[in-house]
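**Student:** Please see the structure below; I have some questions.
In the numbering used here, the protein residues as written are 155 to 306.
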């Protein structure tokens with residue numbers, strides 16, 4: 155059944171799916187690799203996750219939710235037995251969601267740089283790049299699809 159649904163997705167929507175999945179993977183990487191364990195004499199006393207610390211954490215969680223919402227919108231567009239009256243063209247919804255992912259990723263990165271994190275793991279910033287890159291790639295693809303729909 156998944157192959158039947160995937161066959162209904164246009165080529166540009168596939169790139170949007172790939173970008174959204176990259177953003178979600180970046181969020182997961184940040185949760186896993188953005189932590190640092192502190193201890194005394196080799197005994198772990200506590201673990202701090204710098205990726206979800208403060209306002210940056212809110213931004214990355216919202217970016218992940220927007221990426222998931224993008225996938226849900228694409229699924230609802232192609233799902234069988236689904237008849238949804240969209241309030242605006244689907245491509246505009248996808249453009250807004252994917253742009254939100256990219257902007258929230260950039261905001262999270264800026265907050266992490268300005269929060270004065272002294273010994274944050276470098277992989278936290280790699281996870282930010284995944285979120286920004288995935289959201290930016292998906293937003294660019296949605297933008298090109300939006301401009302192509304306006305030209306017709």
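For every residue, glycine included, the Cβ atom is placed at its ideal position computed from N, Cα and C.
Kindly list the residues whose CB is nearer than 6 Å to the CB of residue 194, restricted to its own chain and excluding five residues on each side of it in sequence; keep chain order.
**Tutor:** none
**Student:** Enumerate in chain order the residues of its own chain whose CB-to-CB distance from residue 192 is below 8 Å, with the five nearest sequence positions on each side excluded.
**Tutor:** 198, 199, 200, 201 and 202
**Student:** For residue 191, which beta-bridge partners are listed by DSSP?
**Tutor:** 201
**Student:** Do residue 284 and residue 179 have their CB atoms nearer than 8 Å?
**Tutor:** With respect to residue 179, residue 284 sits close: the two C-beta atoms are nearer than 8 Å.
**Student:** Less than 7 Å between C-beta atoms, sequence neighbours within five positions excluded: which residues of the same chain meet that for residue 256?
**Tutor:** 286, 289, 290 and 293
**Student:** By Cβ distance, which residues of its chain are closer than 6 Å to residue 176, with the 5 residues on each side in sequence left out?
**Tutor:** Hits under 6 Å: 284 and 288.
**Student:** Would the beta-carbon of residue 265 fall within 8 Å of that of residue 220?
**Tutor:** Not in contact: residue 265 and residue 220 (Cβ atoms no closer than 8 Å).
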